[in-house]
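There are 2 protein chains.
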Amino acid sequence: MKQIILGTILLLNISLTLNAQEEDKMMKAFFDEALTDQTAFENLRYLCKNCNGRITGSSQAAAAVEFTFQVMNNMNLDKVYKQPVQVPYWIRGEEETASIQSCKFGFKAVPVSALGMSVGTGEDGLSAKVIEVHNFAELEKLGRENIEGKIVFFNRAMDPTMLNTFGAYGGAADQRTEGAARAGAFGAAGVVARSLTTSQDNFPHTGVMRYNDTISKIPAVAISTNGANLLSKWLKNDSELNFFFRTTSYELPEVTSYNVIGEIKGSEFPDQIITVGGHLDSWEPGEGAHDDGAGCMQSIEVLRLFQKMGIQPKRTIRAVMFMDEEVAQRGGDEYARQAGLKNENHYFALEADRGALMPKGFGISAPDERLEKILALKKYFEPYGITYFKKGGGGVDIGPLKQFQTPLSSYIPEMQRYFDFHHSGNDTFEQVNFREFQMGSAAIASFIYLIDKHDL
Amino acid sequence: MKQIILGTILLLNISLTLNAQEEDKMMKAFFDEALTDQTAFENLRYLCKNCNGRITGSSQAAAAVEFTFQVMNNMNLDKVYKQPVQVPYWIRGEEETASIQSCKFGFKAVPVSALGMSVGTGEDGLSAKVIEVHNFAELEKLGRENIEGKIVFFNRAMDPTMLNTFGAYGGAADQRTEGAARAGAFGAAGVVARSLTTSQDNFPHTGVMRYNDTISKIPAVAISTNGANLLSKWLKNDSELNFFFRTTSYELPEVTSYNVIGEIKGSEFPDQIITVGGHLDSWEPGEGAHDDGAGCMQSIEVLRLFQKMGIQPKRTIRAVMFMDEEVAQRGGDEYARQAGLKNENHYFALEADRGALMPKGFGISAPDERLEKILALKKYFEPYGITYFKKGGGGVDIGPLKQFQTPLSSYIPEMQRYFDFHHSGNDTFEQVNFREFQMGSAAIASFIYLIDKHDL
Chain U
133 MKQIILGTIL LLNISLTLNA QEEDKMMKAF FDEALTDQTA FENLRYLCKN CNGRITGSSQ
193 AAAAVEFTFQ VMNNMNLDKV YKQPVQVPYW IRGEEETASI QSCKFGFKAV PVSALGMSVG
253 TGEDGLSAKV IEVHNFAELE KLGRENIEGK IVFFNRAMDP TMLNTFGAYG GAADQRTEGA
313 ARAGAFGAAG VVARSLTTSQ DNFPHTGVMR YNDTISKIPA VAISTNGANL LSKWLKNDSE
373 LNFFFRTTSY ELPEVTSYNV IGEIKGSEFP DQIITVGGHL DSWEPGEGAH DDGAGCMQSI
433 EVLRLFQKMG IQPKRTIRAV MFMDEEVAQR GGDEYARQAG LKNENHYFAL EADRGALMPK
493 GFGISAPDER LEKILALKKY FEPYGITYFK KGGGGVDIGP LKQFQTPLSS YIPEMQRYFD
553 FHHSGNDTFE QVNFREFQMG SAAIASFIYL IDKHDL
Chain P
133 MKQIILGTIL LLNISLTLNA QEEDKMMKAF FDEALTDQTA FENLRYLCKN CNGRITGSSQ
193 AAAAVEFTFQ VMNNMNLDKV YKQPVQVPYW IRGEEETASI QSCKFGFKAV PVSALGMSVG
253 TGEDGLSAKV IEVHNFAELE KLGRENIEGK IVFFNRAMDP TMLNTFGAYG GAADQRTEGA
313 ARAGAFGAAG VVARSLTTSQ DNFPHTGVMR YNDTISKIPA VAISTNGANL LSKWLKNDSE
373 LNFFFRTTSY ELPEVTSYNV IGEIKGSEFP DQIITVGGHL DSWEPGEGAH DDGAGCMQSI
433 EVLRLFQKMG IQPKRTIRAV MFMDEEVAQR GGDEYARQAG LKNENHYFAL EADRGALMPK
493 GFGISAPDER LEKILALKKY FEPYGITYFK KGGGGVDIGP LKQFQTPLSS YIPEMQRYFD
553 FHHSGNDTFE QVNFREFQMG SAAIASFIYL IDKHDL
């Protein structure tokens, strides 16, 4: 009896070891293939160069839908389709102009970008005196008598000492998203918001803003950090200077766009769906390379890597190109709504929307027992220097799947450089490194492969 | 008695905890200051933009010596001086031209760069048929009858599946360093070597080569990876094509240059020297931003961070800008020779010469007992995601200090992107991210601070 038990344990150990070897081998194969094959990188190049400025509703966004549909349609997948989504259609208009006009220091043109969904200034632009604030408390203290008719300049920098740059972003983002509504309530004529970037540069970094329906809409722009520093410096010695900006943005009626979806059907549990996605829309005037062409192409690459390795997953793996993450998050909402209508079983979901930098790991939200098992996957990734496996994952696009108790995961790459590119003209294909991008693809493919294989 | 022991243990624990807190606080202060202050980054910008192409012996190298001397001289250090070094003086000459000339496929200009120390082709350039090989074994198998009078095209790529890109570089570098000597032995007319980069791009990546004194010197160039791929493709269907290249490089007599050294004097053990250094010389036509302006400026930043935090180190901390790492490594040799002559006590040395990418950690060569203690410093760095603490450190410049049994250390940043820049026109200031660069400065300062404080 003892010998039988011992034998069983030995066999079990050998089997576990063999399994581990199999998984290590498959991961090595993923990484080797990803670092050798240029398909995903060349597709990203095409998306960036031919569908740049693909803001929700635009013809470039339609071109991106068509391109990614064709890419997946040519891959011999089990199913490729477009899921209709109604999306807002905001038009940036002509290139923005802005300048600081000081009788003391002179005239200086500065780079600005209309915030997404902002109204325009009208043909003649807007010129007014400027009041600088750093938060809403300062704004409220100043009150209507100091604000009315002026341009409010929100100049709070992202905290450079925070190593979690997404945290630093979150700590400064309200001035962009809510600044116009808050300043408008005190009768401000317009808003200039410091760009949300850790870089000292000449790129305005745009992003969405939202009005309050009860307050009249005032135009709002982002100013580059160098421009913001200059404006602040001049203001200190010339509070009477004028700021001028001209934007011609406007909104058109909503249009139909699409999430683009490709699937490999599961062999054992075809009704259990694992979603891997990024978002297809991106801000102008950049190319949406890091945000989020990369996440889209990495998601498609997961399917290609599975095919290339001849892996038949137990569950259905879906690559989803979500539409409209940047403006109204309609793609993610519609994806979950359709999942509910069709009573789909969403087993797991991962969002890749933090750029194409070096993979660090994954954030995961799941019930404790599942979470613990998923976090234990770390050991497979350590040889690749991928060691961030922590609680807390999700994303704007997969977030609505939470209603189905689906475990949600975020792909986490390095983040010190990310805000150099984010929402700016600097977010170009040239800023993506092939190896960092493809190590990300291989890491995501490995993670999904292990989740499926180990029934996590 | 038991109580006394317990009390002592408790006190000891409290003291250790307090110490740990002090060190954690100091590291946080280093990182906060580094991520907020632009001095080092602006000095790097100046070095890159005003002393670009600072190859050993050149006027740009002399300008870099003067600039870094002035920077350190203005820092109120205890000692700043130049240490004379005799260096080779190789001149690249006019911009190189090259083309593939095929009767089948046409004429195509391709980017090449003369290898450092290569002779030129002469005014008229060199045109010859091409034989492609991937290693010296193939070369020897072909023999003189297949090689004589031809251009040997070494086309071995860096292995893209190696995550240690420095290892992949080492695995392909012999064709650049020895290719001309090996091919020359079989009567080749010239050598074209595939650029040592993991990137598919149009930059030739240069670097030093060495002749064998007994064999006649033939001209050698690096060709961009895109150029190499095209040449190889055309050769497969047109073995009769000609390759043309023209280089006008030549050597002048050696000149005097300098290592530039700045010191903070130690308070307890001023005779014990801790060296932190990078190299000042760099290849043309880039700006030597990652290789190795960054390492130089990070070394100076270590001194600035110590000053800013009011740290009086126990030992003398030296920032050393080594001259001539790229060509003949005279700076490192002379630094060690002078150390020997002056009977200096070199307690520890660190070299920063792997670019300004995200800090990963440190490689260390030291006797086992010291090594173990140094590796244990890892715990202080883990909150910063800096977790690479492994045996094996050194570098070309500090290597000669080994004769004094000095423990040697390498600063190890991320390495997937490094060979995009290395030795090419792509190594510009714009490729350096402020945060990655300064997290490196803070990491090195922290490491040196702990080595000194803990007497490691």
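The listed protein sequences derive, respectively, from chains U and P.
Heads up: the first sequence begins at 133 in the numbering used here, then just goes up one per residue.
Heads up: the second sequence begins at 133 in the numbering used here, then just goes up one per residue.
C-beta atoms are modelled at their ideal positions from N, C-alpha and C, and glycine is treated no differently.
query, result
"Whole-number beta carbon distance between arginine 378(U) and isoleucine 406(U), since they are thought to touch under 8 Å", "No, isoleucine 406(U) and arginine 378(U) are not in contact; Cβ-Cβ is about 48 Å, not under 8 Å."
"Minimum Cβ-Cβ distance from asparagine 361(P) to chain U less than 9 Å", "no"
"Under 8 Å by beta carbon: chain P residues contacting methionine 490(U)", "Met490, Glu546, Gln548"
"3-residue-minimum beta strand (DSSP E) runs that sit fully inside the segment 433 to 478 of chain P, ordered along the chain", "447 to 454"
"Beta-bridge pairing of arginine 326(P) - partner residues as DSSP gives them", "Ile355(P)"
"Minimum C-alpha distance to alanine 305(U) - residue among Leu362(U), Leu247(U), Gln332(U)", "Leu247(U)"
"Close-in-space but distant-in-sequence residues of the same chain around phenylalanine 298(U) (CB under 7 Å, 5 per side omitted)", "Met547"
"Local Cβ density within 10 Å of cysteine 180(P), reported as buried at 16 or more and exposed below that", "buried"
"Assigned exposure category for arginine 436(U) - 16 Cβ within 10 Å defines buried", "buried"
"Chain-ordered chain U contacts of aspartate 552(P) [CB-CB under 8 Å]", "Asn565"
"Selected residue, minimal CA-CA separation from lysine 505(P), among Gly525(P), Ile583(P), Glu483(P)", "Ile583(P)"
"Contact list for proline 292(P) against chain U, beta-carbon separation under 7 Å", "Leu167, Thr168"
"Serine 331(U): contacting residues in chain C (beta-carbon distance under 9 Å)", "Among the chains of the structure shown, chain C does not appear; the protein chains present are U and P."
"Contained beta strand (DSSP E) runs [length at least 3] in the segment 269 to 330 of chain P, N- to C-terminal order", "283 to 286, 322 to 326"
"Under the three-state DSSP convention, the category valine 242(P) falls into", "coil"
"Touching by the beta-carbon criterion (3+ pairs, under 8 Å), the segment 205 to 217 of chain P and the segment 331 to 342 of chain P", "no"
"Host alpha helix (DSSP H) of aspartate 584(U) (start-end)", "566 to 585"
"Simplified DSSP assignment, three categories, for asparagine 361(U)", "helix"
"Residue burial classification, threonine 200(U) (beta-carbon count within 10 angstroms, cutoff 16)", "buried"
"Any 3 or more C-beta pairs closer than 8 Å across the segment 493 to 500 of chain U and the segment 537 to 547 of chain U", "yes"
"Threonine 538(P): CB within 8 Å of a non-hydrogen atom of the ligand ADP", "Among the ligands in the structure shown, none appear at all, so the ligand ADP cannot be discussed."
"At least three beta-carbon pairs within less than 8 Å, the segment 364 to 381 of chain P to the segment 249 to 256 of chain P", "yes"
"Cβ-based burial, histidine 586(P) [other Cβ within 10 Å; buried from 16]", "exposed"
"Through-space distance from glutamine 470(P) to glutamine 535(P), alpha-carbon basis", "13 Å"
"Beta carbon proximity, aspartate 423(U) to chain P, threshold 9 Å", "no"
"Chain U within 9 Å of tyrosine 520(P), Cβ atoms only", "yes"
"Chain-ordered neighbours of methionine 571(P) on chain U, where CB pairs are closer than 9 Å", "Leu295, Gln548"
"Interface flag, phenylalanine 163(P) vs chain U, CB-CB below 9 Å", "yes"
"From Ser371(P), Asn374(P), Gly418(P), Asp456(P), residue whose alpha carbon lies closest to that of valine 392(P)", "Asp456(P)"
"Anticipated Cβ contact below 8 Å, aspartate 413(P) with alanine 193(P), distance rounded", "5 Å"
"The segment 500 to 528 of chain P: positions lying closer than 9 Å to chain U by Cβ", "Pro515, Tyr516, Gly517, Thr519, Tyr520"
"Check whether alanine 325(P) and isoleucine 350(P) have beta carbons under 9 Å apart", "no"
"With 16 other Cβ atoms within 10 Å as the buried cut-off, status of glycine 427(U)", "buried"
"Alanine 313(P) versus aspartate 169(P) - alpha carbon distance", "48 Å"
"Beta-ladder partner(s) of tryptophan 222(P), from DSSP", "Glu383(P)"
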